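Numbering (UniProt numbering), first residue to last: 1 to 139.
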């Protein structure tokens, strides 16, 4: 390992997003209950809930889908010393796309805008895995 920890900063930025979404979800659910638009039983049983909290819940859930591959690639990149500028740049691109995707998801939730943000991150993560594979082949 090269001793650089730069690959971990995009991971920390993504973790900050996840924690922020947990806070947002809690706030939105509490407001829905206080306004009488939902009951706590709806959340306990994962039933229908108001859009504002549903959007936050779905955005939070999506942070445990594709990003799992991001964490695996980041750790593998670090372990095989492939954590150079291209890998770190791709990691930041992926995380920034997740922030944009989440911002759209918890506001207007328009697929027209959310889908390109997802696709951009998907391609960045694919390129990150390709970088790792090429690095290991050439190493």
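All C-beta atoms in this analysis are idealised placements derived from N, C-alpha and C, irrespective of residue type, glycine included.
If you're wondering where the values come from, they're calculated on a predicted model, not measured in any experiment.
### Query
What residue range is occupied by the uninterrupted alpha helix (DSSP H) comprising residue 33?
8-34
### Message
So, for residue 43: in the same chain, excluding its five sequence neighbours on each side, which residues have a beta-carbon less than 7 Å away from its beta-carbon?
### Response
29 and 49
### Task
Mind reading off the beta-carbon distance from residue 106 to residue 24? Whole number of angstroms is fine, and I expect it under 8 Å.
6 Å
### Message
On the DSSP letters alone, give me the boundaries of the alpha helix (DSSP H) that residue 42 sits inside.
### Response
40-44
### Proximal residues to residue 126 (C-beta, below 6 Å), its chain only, five neighbours per side dropped
none
### residue 101 and residue 110 closer than 7 Å at C-beta
no
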